[in-house]
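Student: Terminal number for the sequence shown in numbering that gives the first Met the number 0: 70, no gaps in between.
I have a structure I would like to understand better, so I am pasting it below and will then ask my questions one at a time.
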Amino acid sequence: MGQLRNVVDDASSAEARDTMIMFGGLALVLLGTGMILSSPAIRKYLGGLNVGNLLQTAAPDFERYLKLKAM
């Protein structure tokens with residue numbers, strides 16, 4: 000019984016570690032994006048970019064991806 004508990008603890012520990020690594024990577028991506036977008040030169044280049052239109056265009060593709068992933 001003790002060995003089974005160790006295996007379960009190791010699996011949940013590995014899953015928790017993987018989750019923390021994933022969220023840490025996401026935080027670094029967001030930090031990097033924020034640093035890039037805070038640059039005045041980048042904001043000048045992206046001034047004409049309509050982010051709302053870009054998101055509306057990408058939404059159907061994202062929904063299709065979620066349907067494929069659920070299969």
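Where a beta carbon is used, it is the ideal one built from N, C-alpha and C, also for glycine.
Could you have a look at residue 21 and say whether DSSP puts it in helix, strand or coil?
Tutor: Of the three classes helix, strand and coil, the one that applies to residue 21 here is helix, per DSSP.
Student: Please go through the same chain and pick out, in chain order, the residues whose beta-carbon is closer than 7 Å to the beta-carbon of residue 35, but skip the five residues on each side of it.
Tutor: Cβ neighbours of residue 35 beyond the five flanking positions: 41.
Student: For residue 3 and residue 22, I'd like the C-alpha separation in whole angstroms.
Tutor: Because the pLDDT of residue 3 is 47, which lies under 50, any placement of that residue in the model is unreliable, and the question is left without a value.
Student: Which of helix, strand or coil does DSSP assign to residue 33?
Tutor: Helix at residue 33.
Student: For residue 67, which three-state DSSP category applies?
Tutor: Reduced to three states, the DSSP call for residue 67 is helix.
Student: Reducing DSSP to helix, strand and coil, say where residue 38 ends up.
Tutor: Reduced to three states, the DSSP call for residue 38 is coil.
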